[in-house]
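Here the protein sequences come in this chain order: A and B.
The working numbering applies: residue 155 is where the first sequence begins, and numbers increase by one.
The working numbering applies: residue 76 is where the second sequence begins, and numbers increase by one.
Remarks on the structure that follows.
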Amino acid sequence: MVRRYGELTAVDGISFEIAPGETYGLLGPNGAGKTTTISMIAGLLAADSGAVRVLGEQMGPSRVAVKRHIGLVPQDLAIYPELKGRQNLNFFGRLQGLRGKELTTRVDEVLDLVGLTDRAGDPAKEYSGGMKRRLNIGIGLLHRPTLLILDEPTVGVDPQSRNAILESVEALSGEGMAVLYTTHYMEEAERLCDRIGIVDSGQLQAEGTRDELIRLIGGLDRVRLDGSGDLAAAADALGDLAAVEQVDVDRTGLSLAVREAPTAVAELVTRAIAAGVTLADVEITRPNLEQVFLHLTGRALRD
Amino acid sequence: MRVVGAIAGVELRRFLRDRSNLFFVFVFPLILVVLIGSQFGAASSSGRVVISGADSSLRAALVAELEEAAVTVSYAGADAASEQIARGRVDLGLELTDEAAAAFDADEDLTVVVTSSSSGGAITARQQVDRALNALQLRLRQEAALVGAGADPAAVDEALETAAAQVVAPTVTVTNTSSISEAFAGASGFTVGASAQVLLFVFLNTLAGSATMIQARKYRVVARTLAAPVATVQVIGGEALGRWVIAMVQGLYIMLGTALLFGVEWGNLALATLILAMFAAVAAGAAMVVGSALDNDSAASGLGVGLGLVLAALGGCMLPLELFPDSLQTVAHFTPHAWAYQAFAEVTRRGGTFADIAGDLAVLLAFAVVLLALGSVLLRRSLARAI
Ligand SMILES: Nc1ncnc2c1ncn2[C@@H]1O[C@H](COP(=O)(O)OP(=O)(O)OP(=O)(O)O)[C@@H](O)[C@H]1O
Ligand SMILES: [Mg+2]
Chain A
155 MVRRYGELTA VDGISFEIAP GETYGLLGPN GAGKTTTISM IAGLLAADSG
205 AVRVLGEQMG PSRVAVKRHI GLVPQDLAIY PELKGRQNLN FFGRLQGLRG
255 KELTTRVDEV LDLVGLTDRA GDPAKEYSGG MKRRLNIGIG LLHRPTLLIL
305 DEPTVGVDPQ SRNAILESVE ALSGEGMAVL YTTHYMEEAE RLCDRIGIVD
355 SGQLQAEGTR DELIRLIGGL DRVRLDGSGD LAAAADALGD LAAVEQVDVD
405 RTGLSLAVRE APTAVAELVT RAIAAGVTLA DVEITRPNLE QVFLHLTGRA
455 LRD
Chain B
76 MRVVGAIAGV ELRRFLRDRS NLFFVFVFPL ILVVLIGSQF GAASSSGRVV
126 ISGADSSLRA ALVAELEEAA VTVSYAGADA ASEQIARGRV DLGLELTDEA
176 AAAFDADEDL TVVVTSSSSG GAITARQQVD RALNALQLRL RQEAALVGAG
226 ADPAAVDEAL ETAAAQVVAP TVTVTNTSSI SEAFAGASGF TVGASAQVLL
276 FVFLNTLAGS ATMIQARKYR VVARTLAAPV ATVQVIGGEA LGRWVIAMVQ
326 GLYIMLGTAL LFGVEWGNLA LATLILAMFA AVAAGAAMVV GSALDNDSAA
376 SGLGVGLGLV LAALGGCMLP LELFPDSLQT VAHFTPHAWA YQAFAEVTRR
426 GGTFADIAGD LAVLLAFAVV LLALGSVLLR RSLARAI
């Protein structure tokens with residue numbers, strides 16, 4: 155997909171697929187083009203070029219029937235503040251074609267799911283920030299969409315509500331709902347997503363499972379052995395190991411680039427001691443998506 | 076259609092949920108009907124006249140004439156009388172000076188000072204006073220004629236009384252000859268006030284209510300609506316229907332309220348409702364234009380109130396249209412209010428039929444079509460801004 159705003163190309167040829175039941179994460183910094191991408195997938199914006207297909211059907215602003223497959227939870231709250239929680243759900247449920255008993259039942263289920271049953275009769279403007287977020291999410295779930303799109307649903311939410319939101323996303327994906335989740339929190343992407351696309355400047359920089367992405371940047375773990383004694387001899391002994399790619403010696407210890415450090419670390423420690431080093435500390439650092447991002451874009455994920 | 080209904084329903088609900096709206100929609104209009112209704116005077120009497128001046132044969136004769144014509148007469152000192160006139164508590168004041176009383180007794184020319192209030196009943200009252208004064212003058216001339224012909228002044232009174240008793244005098248029926256009093260014939264003050272208030276408030280509150288359309292874009296719910304399986308035409312239809320229902324609720328409420336509380340007669344109910352429905356469509360179209368063209372909700376409600384008041388004033392909803400000079404009448408007919416006002420006047424006061432108001436309705440329909448079309452185009456554009 156490509157989408158321009160005047161001179162700016164907000165989305166510059168992003169392309170990916172989400173399988174049924176899969177949770178796909180779009181990870182990228184502010185202004186990367188995540189929301190613009192999502193707006194095209196949800197049929198709110200037309201793509202300048204490219205196409206979106208949902209269950210094989212072309213999506214677009216005028217493809218009304220196709221929109222039924224999608225549940226959108228926008229980044230900004232999209233609720234009527236003066237209406238009660240239940241009235242908000244009722245209204246958007248009707249727009250999704252629910253009615254009568256089915257609507258009532260489903261609204262009750264969703265209220266329960268997002269933990270707002272007790273407050274359903276209060277105007278949404280009287281909700282706390284986290285409760286409003288949860289109502290915002292609930293509205294997207296009403297019609298049991300095939301694909302649920304969550305655009306940074308945890309922004310500005312306290313850790314407890316945030317955990318509750320993450321748990322419900324996990325539960326939904328467990329029920330077989332496909333989820334498209336955007337975030338600039340690396341931990342959320344790592345925890346929730348089966349596959350992750352890294353977006354920057356409107357382009358998909360890399361895509362894959364967490365491990366695949368990490369392998370992309372070499373996938374080497376860092377091991378730090380602090381100690382004293384014959385560090386040079388230890389460096390020689392460790393450098394011979396197949397798992398060790400690189401060894402650096404300094405005054406207080408050794409820094410190693412290692413494949414699969416958790417498996418290799420026992421051997422590293424044994425050899426270092428055998429070479430006459432007295433160890434003071436051992437530390438393993440595995441690369442995370444933050445580092446992948448840094449590697450791919452030369453920038454940190456959060457500014 | 077269900078989606079259209081859901082959107083219209085939520086718009087109505089939001090409108091009614093606004094506390095400040097509740098006062099301006101449900102309380103204020105009735106207060107104004109009362110205020111304006113009492114300004115125009117109660118329906119029944121042929122006017123309320125206050126007389127200042129000491130008791131005299133002139134006063135007695137005049138009061139007798141006025142009361143015969145069902146004019147309500149009260150007495151007050153000169154200052155109190157002018158205050159009552161100024162406040163519109165009476166329609167007319169008559170100042171009978173001692174000189175005038177003496178002149179009357181001496182069968183000489185006399186001057187009576189008549190002061191009209193601005194109330195709607197002043198015109199009718201004035202006609203009754205003129206008629207009474209003419210009757211007195213006639214009587215004076217008759218006396219003068221008889222005395223001049225050599226009759227004994229003392230016997231003249233008696234002779235005239237006897238003649239009056241014997242001759243069946245032709246009854247003179249006063250018809251309202253001025254077009255203004257004709258226009259108000261059959262209308263109580265409340266009726267004139269009520270139909271004007273319906274128009275004023277339907278338009279003003281519907282227009283001011285367009286602020287909720289702007290808020291819906293701000294709250295991002297419009298974008299969310301468009302992400303649901305909802306076509307743009309359904310959104311436009313829902314908005315238009317919502318605005319129209321709001322206008323109808325406001326109008327029917329005032330019609331029902333004034334009918335029940337003040338006994339206002341709305342004439343043929345089907346026709347009155349038809350006028351309201353047409354005018355409500357005009358108001359709905361105007362609200363869609365404002366709610367789509369502006370992006371600031373407080374500016375929209377401010378504009379709604381301002382435009383609502385100005386158009387109502389121009390259209391004859393504050394000062395009755397009939398009292399407008401010709402040039403202003405022409406200006407007035409650029410507002411939908413004037414056409415609806417005319418139609419209401421026809422139906423509520425003169426028992427008008429559909430044929431009598433068809434022209435007015437056609438103009439209202441044209442207003443509605445143009446505004447709704449423009450509103451739809453602008454709304455469609457505003458949806459793009461809402462994403
Ligand atoms: N309506 C618009 N008009 C003009 N430019 C826009 C518009 N919407 C987005 N942009 C621009 O497009 C780019 C991508 O924006 P987008 O909202 O998709 O980013 P994002 O990844 O969702 O960022 P965030 O994490 O801050 O939500 C940004 O540079 C933004 O300024
Ligand atoms: Mg965004």
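Using N, Cα and C, we set each Cβ at its ideal position, and we do this for glycine too.
None of these values were measured; they are calculated from a predicted model.
When the options are compared against residue i, the one with the closest alpha-carbon
| i | options | result |
| --- | --- | --- |
| residue 460 of chain B | B/403, B/440, B/294 | B/294 |
| residue 301 of chain A | A/204, A/246, A/220, A/352 | A/220 |
| residue 144 of chain B | B/199, B/364, B/192, B/191 | B/199 |
| residue 376 of chain A | A/409, A/366, A/395, A/386 | A/409 |
| residue 175 of chain B | B/203, B/129, B/193, B/166 | B/129 |
| residue 276 of chain B | B/312, B/201, B/359 | B/359 |
| residue 356 of chain B | B/369, B/397, B/411 | B/411 |
| residue 326 of chain B | B/206, B/307, B/397, B/347 | B/347 |
| residue 394 of chain B | B/351, B/302, B/272, B/336 | B/272 |
| residue 394 of chain A | A/416, A/374, A/422, A/405 | A/422 |
| residue 202 of chain A | A/178, A/171, A/161, A/231 | A/161 |
| residue 228 of chain A | A/169, A/206, A/195 | A/195 |
Residue i, buried or exposed, once every other Cβ within 10 Å from all chains shown has been counted against 16
| i | result |
| --- | --- |
| residue 140 of chain B | buried |
| residue 246 of chain A | buried |
| residue 280 of chain B | buried |
| residue 181 of chain B | exposed |
| residue 385 of chain B | exposed |
| residue 283 of chain A | exposed |
| residue 203 of chain B | buried |
| residue 194 of chain B | buried |
| residue 314 of chain A | exposed |
| residue 255 of chain A | exposed |
| residue 116 of chain B | Reliability of the predicted coordinates at residue 116 of chain B is poor, the pLDDT of 48 falling under 50, and the value obtained from them is presented with this limitation in mind. Classification of residue 116 of chain B: buried, given that the 10 Å Cβ count is 16 or more. |
| residue 159 of chain A | exposed |
| residue 400 of chain A | exposed |
| residue 457 of chain B | buried |
| residue 342 of chain B | buried |
| residue 250 of chain A | buried |
Helix, strand or coil at residue i [DSSP, three-state]
| i | result |
| --- | --- |
| residue 217 of chain A | coil |
| residue 253 of chain B | At residue 253 of chain B, the pLDDT of 47 sits below 50, so the modelled position is not reliable and the matter cannot be decided from this model. |
| residue 81 of chain B | helix |
| residue 284 of chain B | coil |
| residue 333 of chain A | strand |
| residue 402 of chain A | strand |
| residue 375 of chain A | strand |
| residue 170 of chain B | strand |
| residue 220 of chain B | helix |
| residue 408 of chain A | strand |
| residue 228 of chain B | helix |
| residue 404 of chain B | helix |
| residue 307 of chain B | helix |
| residue 157 of chain A | strand |
| residue 394 of chain A | coil |
| residue 282 of chain A | coil |
| residue 428 of chain B | coil |
| residue 207 of chain A | strand |
| residue 203 of chain B | helix |
| residue 116 of chain B | The predicted position of residue 116 of chain B is uncertain, since its pLDDT is 48 and thus under 50; a value taken from the coordinates is nonetheless stated next. Residue 116 of chain B: coil per DSSP, three-state reduction. |
| residue 354 of chain A | strand |
Expected contact under 8 Å - CB spacing of residue i and residue j to nearest Å
| i | j | result |
| --- | --- | --- |
| residue 80 of chain B | residue 125 of chain B | Rounded, the Cβ-Cβ distance is 57 Å, inconsistent with contact. |
| residue 235 of chain A | residue 274 of chain A | About 15 Å separates the two Cβ atoms, so there is no contact after all. |
| residue 462 of chain B | residue 193 of chain A | 7 Å |
| residue 333 of chain A | residue 304 of chain A | 7 Å |
| residue 180 of chain A | residue 191 of chain A | 7 Å |
| residue 165 of chain B | residue 149 of chain B | 7 Å |
| residue 469 of chain B | residue 372 of chain B | What is shown of chain B runs 76 to 462, which leaves residue 469 of chain B out entirely. |
Residue i Cβ short of 7 Å to ligand 3 heavy atom set
| i | result |
| --- | --- |
| residue 229 of chain A | With respect to ligand 3, the structure offers nothing, as its ligand set consists of ligand 1 and ligand 2. |
Residue i: contacting residues in chain E (beta-carbon distance under 8 Å)
| i | result |
| --- | --- |
| residue 235 of chain A | You won't find chain E in this structure, because its protein chains are A and B. |
*Go through the residues and name those whose CB comes closer than 5 Å to any heavy atom of ligand 1, in chain order.*
A/159, A/164, A/184, A/185, A/186, A/187, A/188, A/189, A/190
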